[in-house]
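Chains as they are written, first to last, in the numbering used here: chain A, 1 to 365; chain B, 1001 to 1365; chain C, 2001 to 2365; chain D, 3001 to 3365. Quick reminder that beta carbons are idealized off the backbone N, C-alpha and C, glycines included. Quantities reported herein were computed from a predicted structural model and do not represent experimental measurements.
4 protein chains.
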Amino acid sequence: MAGNTFGKFFTLTTFGESHGKGLGGIVDGCPPGIKIEVDLIQKELNRRRPGQSKLVTPRDEKDRIEILSGVFEGLSTGTPIAFAVMNADQRSNDYNELSKVFRPSHADYTYNEKYGIRDHRGGGRSSARETLARVAGGAIAKMILEQLGVSITAYVSQIGTVAIQKEYTALDLSLTEENEIRCPDHEVAAKMVDEIKLAQVEGDSLGGIISCVIKGVPTGWGEPVFDRLQADFAKGMLSINAVKGFEYGSGFAGSAIKGSQHNDVFRPDPENPGKVLFETNRAGGILGGISSGQDIYFRTAFKPVATIMREQTTVDKEGNEVTIHPGGRHDVCVVPRAVPIVEAMAALVLVDHYLRFEAYQKKFI
Amino acid sequence: MAGNTFGKFFTLTTFGESHGKGLGGIVDGCPPGIKIEVDLIQKELNRRRPGQSKLVTPRDEKDRIEILSGVFEGLSTGTPIAFAVMNADQRSNDYNELSKVFRPSHADYTYNEKYGIRDHRGGGRSSARETLARVAGGAIAKMILEQLGVSITAYVSQIGTVAIQKEYTALDLSLTEENEIRCPDHEVAAKMVDEIKLAQVEGDSLGGIISCVIKGVPTGWGEPVFDRLQADFAKGMLSINAVKGFEYGSGFAGSAIKGSQHNDVFRPDPENPGKVLFETNRAGGILGGISSGQDIYFRTAFKPVATIMREQTTVDKEGNEVTIHPGGRHDVCVVPRAVPIVEAMAALVLVDHYLRFEAYQKKFI
Amino acid sequence: MAGNTFGKFFTLTTFGESHGKGLGGIVDGCPPGIKIEVDLIQKELNRRRPGQSKLVTPRDEKDRIEILSGVFEGLSTGTPIAFAVMNADQRSNDYNELSKVFRPSHADYTYNEKYGIRDHRGGGRSSARETLARVAGGAIAKMILEQLGVSITAYVSQIGTVAIQKEYTALDLSLTEENEIRCPDHEVAAKMVDEIKLAQVEGDSLGGIISCVIKGVPTGWGEPVFDRLQADFAKGMLSINAVKGFEYGSGFAGSAIKGSQHNDVFRPDPENPGKVLFETNRAGGILGGISSGQDIYFRTAFKPVATIMREQTTVDKEGNEVTIHPGGRHDVCVVPRAVPIVEAMAALVLVDHYLRFEAYQKKFI
Amino acid sequence: MAGNTFGKFFTLTTFGESHGKGLGGIVDGCPPGIKIEVDLIQKELNRRRPGQSKLVTPRDEKDRIEILSGVFEGLSTGTPIAFAVMNADQRSNDYNELSKVFRPSHADYTYNEKYGIRDHRGGGRSSARETLARVAGGAIAKMILEQLGVSITAYVSQIGTVAIQKEYTALDLSLTEENEIRCPDHEVAAKMVDEIKLAQVEGDSLGGIISCVIKGVPTGWGEPVFDRLQADFAKGMLSINAVKGFEYGSGFAGSAIKGSQHNDVFRPDPENPGKVLFETNRAGGILGGISSGQDIYFRTAFKPVATIMREQTTVDKEGNEVTIHPGGRHDVCVVPRAVPIVEAMAALVLVDHYLRFEAYQKKFI
């Protein structure tokens, strides 16, 4: 009931601190017979890894994944799949000063207040390094989804004040991974690079927005009334470090549109009698909490990185005002690295709902 | 694993269809000794009820709540509290035509696809009438929170294109219930009324945004890493009919701000050594998924009502194109009536996390 | 996290006190398209009802079940099925004296210690009347199992010191309901009747054992390692009032047998290549927590009724020693009435595991 | 929803196969500030370890535990505690023949039928080696219980046909660990040794019964109605490999006793006004599913080991009759080694209920 398990049927339980012995997790509920390719998990981890480009922190965390159970001769066996990434570097001296101060907009203070004790090294459990277990678990989920013809593509649609103005349908999402920003519009990506470089010079940091598009989900996934598909996506996204908002389909902008403009009109599907086509998709692929067969799309907002390369005033554990001078290497903007995290959480939600659908639908009717 | 239970420790399980025998729910995990006032529950239900003002539908659903268990001599006993509202009017003839068509932007189609069978009367389980069970459950949660000094105030901050421009801190929230819009800025409220009247004349509908402010939450509620407080708020809000987005603290706008501007600076709390004060609250009262002791605030976006008083083209169950002419009485804008629903879901989240905190914190350290 | 929900995928959440307004529950996760026959539910409730024969209490509780949701035109719709039985008689005066004393071997004392408050009328939530909601939920589960060819037959195999000596395979279980004891061996049943009559004359009470046989469960149900099928049966049985023990297959007696005698030998199934037959079934139909395709059988032990028609010394709430003189009508032995409760809990376990099996097995391999 | 997590608030999720890379688990919900002593966990693992005495298999599995997270400077931090034991020996050649046959009374056949694929090496996930993760998790639970003054002592009360005749109250349980049987009555223990030696000579195997006594549980733990304390103990015990039965308090024998003899009479507690003393404890320390403050005691039945040193006829995967000749080293009787497993599962249940009690009791009344 502490909160380290995600999902109801297909569950990921994670563990680990930034500078402890290692991080990892257990995936339970994976159907047997899924080809589990460690290389693909590693590839996803590498997408999240610091040091991928000059724009992000040059620390080389490596992060070699090891699967400990649940896979036999390359296939899932239906038993729990445990995995771990051991921390190469557990030096904690670098972080000794962090044990005594509460960094602004970090979780140091609230962890201390809640637990009364915390592993301060590199942020401990509150470090975004925790998300690597999500990416690994999500990679397994993606292998299941691939069998079902479901694909998830997230991309950076805004960095600071630089944003893609186009809808996802006007973009070529296959270009997303071709630049270090993970922005499929290369012109906008170039401006985002400039924005990041400028912030770097200023010792400042940036946030941004990640859009996510999911294709191939059949009609019927999602469990009314509380476990609507969008509710679980929202929960998954808001559980990611630094996320401040979630919207799907027409989102916040949809609040200003009138019903006559907002409704998506059905048309008969000439090729599938009894099925429908949609003229538009302001719904974002979900109606009444259930997937409609259209593309699902949503957007997730990230705040700027809390650690900045400037002196900041704050408070130490004894309640004194102190000034901190962040050293070390830190990302100016983590949003490009968060793209695989968004995809991973989306994949976990989808497999959970796929299995829940399979359990009790279309059997007696 | 169907999705009709909300919460992990303090749970609300709901049932009921729009035109079935009744709706209701079971609250499990309510601490014993809480004064359960039926009148207060009824009052909350009345806030959600149609027919409160000329602006909303004049149907008088009545909705008399009855408590069936778990309360003895006015106090909760720690056993499950069941409650029900019987449907006065189960006439289904009015809805016969709904059995054959899929209304645009309603859940008729996806329910049909998922379950293969549905109670079409008034939308059945997908009707927003389902939310009355949430309001009743939330009212019980509020009674617990009141004992803890926690208050929740939601208000309408946008209807269609008319929005409050001020931060909540510049508003007098005690004025919220004084107008039929539930907007604490009476000038803006008047404009919202005009917006609604205009849409009514046009046979159209409107959406909007509800803001929610929570005061009195102590430091420490929220369970990293997946059950962060904001993640559970997001899930709760996105589980409400018609909701398209959620943001807390600086939200989507925060993505465009630089770290140096976004960080909330700590100051020592002169009156509580070891505790901190915050100069700002862009965090929205939550750090690392844990309440910080500041006000919690978030915003929830509602799409316009799907039912409009205009002819619409759609598809029937046999796959033919048909035209529907909505009759009956329908809200032009449900956002004012959704204020107690937002509060109810927030209350359920908070009590759940309060109990989870109590279970394992501050005992051995 | 209070404990009023049973099951993980197919869940039953119950409510109600012995002399409150009513009792009932919500079944969530019922597949759509199941024919829900209220008469069959009522029939199961009648099997549990007091006053069925001269041997058990002549109170006529009636207990008319009403279904409130989740069923449309006779079929389950996949949405929650709520049901309630209203208490005809809420007179509490009869029970006023119970508010002040702790009856021996009842839960009065522990409820009082745990919750600090309790509905003392007729035992409140701790009354065995609570089990009617289980029987109703179990009846719905049985309707699903019937579609799958699974049958559950429980019978009384011991009352006090009178026991059936034969294995279930030597009995004609179809005779079970033909006598008021629900014992398929009519000779033994007659002796049990004598045992009960004797105890009645003595103002005493009796316990007994219920055996349960389940036929038709295919291979594969049950979730290693913690949610083994037998573990969930054990939990279900031990959650019933007055149950003190559970054993399946060879049970406690199996502990004294050597491995060479205990092992069930496989033989090839000549009609189904790759499948096996078993020469014996000391396993009780479950291997490694997973159903083997054989009959499942288990036994559940009930202690004697705590309320006896004799003066007993006990303690009141103020800590004084008092003497109680039980009045009213009470069962000498509830075991025959507990037969449908055992079946109901078994049915709930089985449907839960059926759905869990369906969710993730046999799809990718 | 696969079944690898135990507990609701304090959860243990386990992973691992007999001859995979390793086994381990994640404990979530551990309160912060608990001194986590790796040596004590190791000590518990050593109690379960094969090769402790001449009577049990001389394989030296070693099983060095490593804690991967959740502990900082020797104290739990409230974050998940992951641990692993790496398998020193993953040689699978020894087990190649097991891939093709279904061993009698093992789970080979049902795993194969359920999953369609299995790691056959040493039984894979169905191996009792899986229980080491329970012992490790249970050791952490014991550290919490120790802070609360709760102690758990299990002991062997029967091996084959040799049984202790005395009640636990007539035994000196502190002698339990002084012999290799873990039987506190040394005379009986000597006879058990003879029984085991005889079976060994015969190439046969034995089962037995483990009794468990829990002292120091305060009144109030256990959650009516489904999560009664005894129901969760039963589930925990029946989830252990080879367990066939569970009984608490008077157990199966209690079914034959009359109410007047079975009821435990309350007396006023002279030293604690409002509290009671009990003249007897046939209840087994639990009333209405809630701990009564008395000792809790229960018994768990184990079937004989399925692997015997004799030729057995069985079936291979192709459906042919084959004869198997078990080689290698196998326990004649695992019951002494199962004592720490019983204690571990009991500890997990107790901490779960302790935290659930803490969450919502005694706050408002």
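Check: Where the stretch 2096 to 2123 of chain C meets chain B: residues whose CB sits under 9 Å from a CB there; Outcome: 2111, 2114, 2115, 2116, 2117, 2118, 2119, 2120 and 2121
Check: Residues that residue 245 of chain A bridges to, as DSSP identifies them; Outcome: A/301 and B/1247
Check: Cβ-Cβ distance between residue 2303 of chain C and residue 2244 of chain C below 7 Å; Outcome: yes
Check: Residue range of the beta strand (DSSP E) that includes residue 82 of chain A; Outcome: 81 to 86
Check: Interface residues of chain C facing residue 29 of chain A [CB-CB closer than 7 Å]; Outcome: 2360
Check: Range covered by the beta strand (DSSP E) that runs through residue 3267 of chain D; Outcome: 3266 to 3268
Check: Contact set for residue 298 of chain A: own chain, Cβ-Cβ below 7 Å, skip 5 residues either direction; Outcome: 212, 233, 246, 247, 248 and 284
Check: Inter-stretch contact at 8 Å, needing at least 3 Cβ pairs: the stretch 1218 to 1225 of chain B / the stretch 107 to 127 of chain A; Outcome: yes
Check: Chain A residues whose Cβ lies nearer than 8 Å to that of residue 1326 of chain B; Outcome: Result: empty, since nearest Cβ-Cβ is about 11 Å, beyond 8 Å.
Check: is_contact[residue 3241 of chain D, chain A] using C-beta, thresh 7 Å; Outcome: no
Check: Min CB distance residue 1167 of chain B to chain A below 7 Å; Outcome: no
Check: Residue 76 of chain A in three-state terms, based on DSSP; Outcome: strand
Check: Simplified DSSP assignment, three categories, for residue 1193 of chain B; Outcome: helix
Check: Alpha helix (DSSP H) segment containing residue 3260 of chain D, residue limits; Outcome: 3259 to 3262
Check: Assigned secondary structure, residue 2219 of chain C (DSSP; H/G/I helix, E/B strand, else coil); Outcome: coil
Check: Span separating the alpha-carbon of residue 2185 of chain C from that of residue 2163 of chain C; Outcome: 10 Å
Check: Closer than 7 Å to chain B by CB, residue 227 of chain A; Outcome: yes
Check: Identity of the residues DSSP links to residue 1321 of chain B by a beta bridge; Outcome: B/1315
Check: Cβ-Cβ separation, residue 1353 of chain B to residue 1229 of chain B (assumed contact under 8 Å), whole Å; Outcome: 6 Å
Check: Test item: CB-CB of residue 336 of chain A and residue 135 of chain A under 7 Å; Outcome: no
Check: Buried/exposed call for residue 3361 of chain D, threshold 16 Cβ in 10 Å; Outcome: buried
Check: Below-7 Å beta-carbon distance, residue 16 of chain A vs any chain D residue; Outcome: yes
Check: Minimum length 3: unbroken beta strand (DSSP E) runs contained in the stretch 118 to 165 of chain A; Outcome: 151 to 159
Check: Alpha-carbon spacing of residue 2240 of chain C relative to residue 3226 of chain D, whole angstroms; Outcome: 8 Å
Check: DSSP-derived helix/strand/coil call for residue 2404 of chain C; Outcome: Residue 2404 of chain C is absent from the model: chain C starts at 2001 and stops at 2365.
Check: Three-state secondary structure assigned by DSSP to residue 1332 of chain B; Outcome: coil
Check: Limits of the unbroken alpha helix (DSSP H) element including residue 2233 of chain C; Outcome: 2229 to 2238
Check: For residue 2066 of chain C and residue 2088 of chain C, believed in contact at Cβ under 8 Å, the rounded distance; Outcome: The pair is not a contact, with the Cβ atoms about 13 Å apart (cut-off 8 Å).
Check: Cβ-based contacts, 7 Å cut-off: residues of the stretch 245 to 263 of chain A near chain B; Outcome: 245, 246, 247, 248, 249, 250, 251, 252, 254, 255, 256, 257, 258, 259, 260, 262 and 263
Check: 9 Å Cβ cut-off: residues of chain C touching residue 1125 of chain B; Outcome: 2069, 2070, 2077, 2078, 2079 and 2080
Check: Other residues of its chain near residue 1158 of chain B: CB distance less than 6 Å, five sequence neighbours each side excluded; Outcome: 1208 and 1209
Check: Any C-beta of chain C under 7 Å from that of residue 1026 of chain B; Outcome: yes
Check: Any chain A beta carbon closer than 7 Å to residue 3002 of chain D; Outcome: yes
Check: Residues that residue 2033 of chain C contacts on chain A, provided the C-beta gap is smaller than 7 Å; Outcome: 364 and 365
Check: Reduced DSSP secondary structure (H/G/I, E/B, other) of residue 3028 of chain D; Outcome: strand
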